[in-house]
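Going by the UniProt record's numbering, the letters in the sequence shown line up with residues 1 to 597, in that order.
The C-beta atom is built at its ideal place from N, Cα and C for all residues, glycine as well.
Structure record follows, encoded as structure tokens.
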Amino acid sequence: MQSTSRLMSIQSTVLRFVQVLSRMLNLDVEVVDDNLVRIAGTGPYSSNLGRPLTTGTNAFKSVISTRRHKVIERSGQDPECLMCSRRVGCREKAFLGVPVIFHGDCIGVISLVCFSEEQREKLLGNIDFYIESIENTAQLFIAKTMESIYHDKVRRSELMLKEVGEDLVEGLLELDSKGLCQHMNAAARKLLGVESNSRINGVQVRPFGRTKEGNHQQEEFIIQVGEQEKILPGRMLILDERRFLVLRAQFSVQGVKPLSGNRTEMVGSSPAVNKLRQQIARIAFSPSSVLIRGESGSGKEVVARMIHESGNRADQPFVAINCAAIPEQLLESELFGYARGAFTGASNQGREGLVKKADGGTLFLDEIGDMPLHLQAKLLRVLDRREIIPVGASNVIPVDIRVISATHQNFESLVSAKKFREDLFYRLNVIPLELPPLRDRIGDVALLVDFFLKKHALALGVPKPAVNMEAMDALTMWPWPGNVRELANTIEYLVNMAEPGEPVSVDLLPANIQKRSTSSLLTDECDAYCNEAQLIMNNQEAFNLERMEKHLVSRALRSFGKNEGKQRVADELGIGIATLYRKIKKYDLEHEMCDLL
């Protein structure tokens with residue numbers, strides 16, 4: 001039996017919504033969920049509620065799969081209508097379908113249907129107004145109802161977690177956005193050596209890396225209590241805006257198969273990114289060491305994970321460690337482990353190092369240029385002999401690992417300054433990969449913006465906001481000195497600041513990006529205006545309004561159509577997509593449309 005969809009769970013609200021929307025727009029409205037079940041409707045669509053659609057589903061499927069609105073200008077002639085069984089006798093004249101997005105997922109479709117030529121002309125002539133009206137009204141009725149239900153569940157979960165926290169055998173820490181501990185249960189106090197009646201001010205948590213225990217991945221965290229630091233396994237739980245770290249929890253993963261969609265993927269379609277994908281595919285099954293170079297924030301760990309997941313070690317551990325983030329006095333013991341009683345404060349059982357935990361898999365050493373010289377000799381032994389000696393031990397432990405390292409520094413300068421061993425550099429640099437900065441693949445910015453909008457909206461539990469064209473142009477023009485990391489942080493800021501249901505505009509962008517955008521736009525607009533004016537002065541026939549309009553439409557098609565598509569062309573011209581198609585036909589510009597396909 002199919003489970004109740006999210007829209008079906010608020011059907012009474014959706015029914016009120018369609019009545020309001022239909023009266024407001026004077027068109028019939030239909031709402032279906034992501035299972036293609038009719039939730040609500042007006043006119044001929046007010047019957048058979050709660051039943052799956054049997055015909056005319058292609059347009060709805062298109063909206064759900066693409067999560068973009070769909071316009072059918074003439075029912076029966078659109079490609080989506082060709083396979084419809086009721087195409088010949090269809091009474092509909094035109095169709096507009098708009099996705100209902102909640103937490104990044106398309107949970108249904110709201111459609112407007114025309115049954116007369118008058119309604120059709122009204123819809124197509126004001127298509128942007130109708131799309132905006134549907135989205136705004138849906139936000140008011142549907143999204144707010146869904147958010148209310150969602151946050152009620154989150155608050156109940158938080159309350160339950162706090163009530164049972166003291167009874168958990170695992171340590172539980174409640175953290176703020178900066179990783180500072182706000183509350184910890186008795187088990188956590190015992191693990192961390194914090195007295196039951198003492199204050200917990202200053203207890204801070206930060207990620208350390210991932211290891212593999214048995215058949216599942218396990219995260220580890222550095223927990224600083226006063227001047228002492230401990231590294232413990234755990235799992236971070238995010239509920240609404242609160243974070244909870246569960247220490248030493250046992251998570252059963254039996255019977256759970258990894259999803260292919262969980263694989264790490266590099267976002268982008270620029271030539272540089274495509275070339276890097278090809279290089280990764282060629283070296284994925286090699287055991288040779290890889291050195292990834294790139295500026296800070298350019299995505300070096302993403303590339304390392306792609307290499308690991310694409311090769312024959314994909315089912316084995318991927319252990320990542322940031323050499324610059326771990327205190328020097330801890331780095332050696334964390335990398336190579338230590339024997340029982342090796343130093344003051346050492347565990348009575350000793351500790352297995354990260355190199356050993358990566359046995360059979362991949363060890364990723366980020367910011368390798370910051371590794372102290374005395375540890376570089378030990379790492380060279382690992383690469384040459386594939387063996388380690390834990391701190392305080394004399395026995396040699398063999399390991400089978402692939403080493404991938406990364407740095408933003410100039411290695412040649414480090415070697416010349418005697419800050420990095422030349423022999424180790426050559427062993428790490430067997431396969432060099434260069435990761436381009438974001439400013440050199442600016443065509444990927446729009447894809448990355450969309451990716452991070454979905455990611456952060458889902459994490460924050462809010463609808464994914466749209467970005468208007470002016471704001472997107474500003475984001476594209478910014479040079480992104482902090483690369484993908486800076487872009488991700490900027491989008492997270494925008495998702496936090498955006499009003500629900502309202503698009504992100506330029507005035508919401510950080511001040512430095514706004515300033516750059518205003519300066520560049522004024523220059524570009526002035527140049528474009530001067531060029532157009534000169535063209536008109538040189539060609540008296542250009543004063544003909546139709547010739548000017550044809551010239552502008554043709555220019556927009558050549559400028560934007562090839563990369564962004566016809567919707568961008570319409571946006572730049574300030575007209576609806578249906579109007580654009582009519583002008584293309586009027587001025588016989590179909591050949592330019594074909595060139596863009």
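Inter-residue spacing [alpha-carbon to alpha-carbon] between residue i and residue j
i, j, result
"residue 626", "Leu-552", "Nothing can be reported for residue 626: it is not among the residues displayed for the chain, which extend from 1 to 597."
"Ser-5", "Met-184", "37 Å"
"Glu-219", "Leu-232", "9 Å"
"Arg-189", "Glu-265", "39 Å"
"Val-113", "Gly-43", "10 Å"
"Met-472", "Ile-491", "11 Å"
"residue 599", "Arg-351", "One cannot answer for residue 599 here, as it falls past the ends of the chain, which runs 1 to 597."
"Glu-118", "Lys-566", "25 Å"
"Ala-186", "Leu-173", "10 Å"
"Gly-337", "Val-319", "14 Å"
"Phe-452", "Ala-488", "6 Å"
"Val-18", "Val-32", "11 Å"
"Gly-202", "Glu-229", "12 Å"
"Val-445", "Thr-476", "6 Å"
"Asp-366", "Leu-180", "25 Å"
"Ile-107", "Glu-227", "49 Å"
"Thr-54", "Gly-574", "38 Å"
"Ser-554", "Ala-59", "30 Å"
"Phe-102", "Leu-460", "12 Å"
"residue 609", "Pro-99", "The structure shown does not extend to residue 609, since the chain is modelled only from 1 to 597, so the question has no answer here."
"Ser-310", "Pro-317", "13 Å"
Buried versus exposed, by CB contacts within 10 Å (16 or more), residue i
i, result
"Tyr-426", "exposed"
"Met-8", "buried"
"Arg-385", "exposed"
"Glu-590", "exposed"
"Glu-80", "buried"
"Ala-578", "buried"
"Val-462", "buried"
"Asp-315", "exposed"
"Tyr-529", "With a pLDDT of only 42 at Tyr-529, under the threshold of 50, the placement of this residue in the model should not be trusted, and no figure is reported."
"Met-497", "exposed"
"Glu-541", "Confidence at Glu-541 is low in this model, with a pLDDT of 43, below 50, so the placement of that residue should be treated as unreliable; the coordinate-derived value is given next. Classification for Glu-541: exposed."
"Arg-305", "buried"
"Val-63", "buried"
"Met-371", "buried"
"His-308", "buried"
"Phe-95", "buried"
"Leu-580", "buried"
"Leu-66", "It should be pointed out that residue 66 corresponds to Thr in this sequence rather than to Leu. When all chains shown are included, Thr-66 counts as exposed."
"His-298", "Looking at the sequence itself, residue 298 is Ser, so the reference to His does not match. The residue is buried, with at least 16 neighbouring Cβ atoms inside 10 Å."
"Phe-285", "exposed"
"Ala-570", "buried"
N-terminal and C-terminal residue of the alpha helix (DSSP H) that residue i is part of
i, result
"Phe-60", "58–66"
"Ile-577", "577–586"
"Val-403", "That residue, Val-403, is in no alpha helix (DSSP H); its beta strand (DSSP E) goes 402–407."
"Ala-377", "373–385"
"His-456", "445–460"
"Phe-17", "11–25"
"Pro-271", "271–283"
"Leu-82", "Taken as a continuous stretch (DSSP letters only), Leu-82 belongs to no alpha helix (DSSP H), as it is neither H nor E."
"Asp-427", "Checking the displayed sequence, the identity of residue 427 turns out to be Arg instead of Asp. Counting along the chain, the alpha helix (DSSP H) containing Arg-427 begins and ends at 422–428."
Extent of the continuous beta strand (DSSP E) run through residue i
i, result
"Val-31", "28–33"
"Gly-108", "105–114"
"His-69", "Looking at the DSSP string, His-69 is not in any beta strand (DSSP E), and its letter there is neither H nor E."
"Met-184", "181–184"
"Gly-171", "171–175"
For residue i, the residue or residues it bridges with in DSSP
i, result
"Tyr-130", "In DSSP, Tyr-130 forms no bridge with anything."
"Val-319", "Leu-363"
"Val-225", "Gln-228"
"Glu-434", "Arg-293"
"Ala-40", "Val-31"
"Ile-397", "Ile-388"
"Ala-94", "Cys-114"
"Leu-245", "Leu-173, Met-236"
"Gln-204", "Leu-180, Gln-224"
"Val-504", "Val-467"
Neighbour flag for residue i against chain B, beta carbons, 8 Å
i, result
"Ile-64", "Chain labels in this structure do not include chain B; a single protein chain is all it has."
For the pair the segment 283–301 and the segment 324–339, tell me if three or more CB-CB distances fall below 8 Å. Contact between the segment 283–301 and the segment 324–339 is absent, because fewer than three Cβ pairs lie under 8 Å.
How about the segment 418–436 and the segment 446–460: do they share at least three Cβ pairs that are nearer than 8 Å? Two segments are said to touch when three or more pairs of C-beta atoms, one from each, lie closer than 8 Å; by this definition the segment 418–436 does not touch the segment 446–460.
Tell me, please, whether the segment 352–361 touches the segment 391–402 by the rule of three or more beta-carbon pairs shorter than 8 Å. Touching, yes.
Any contact of the segment 270–281 with the segment 320–329, i.e. 3+ C-beta pairs under 8 Å? Not touching, per the Cβ criterion.
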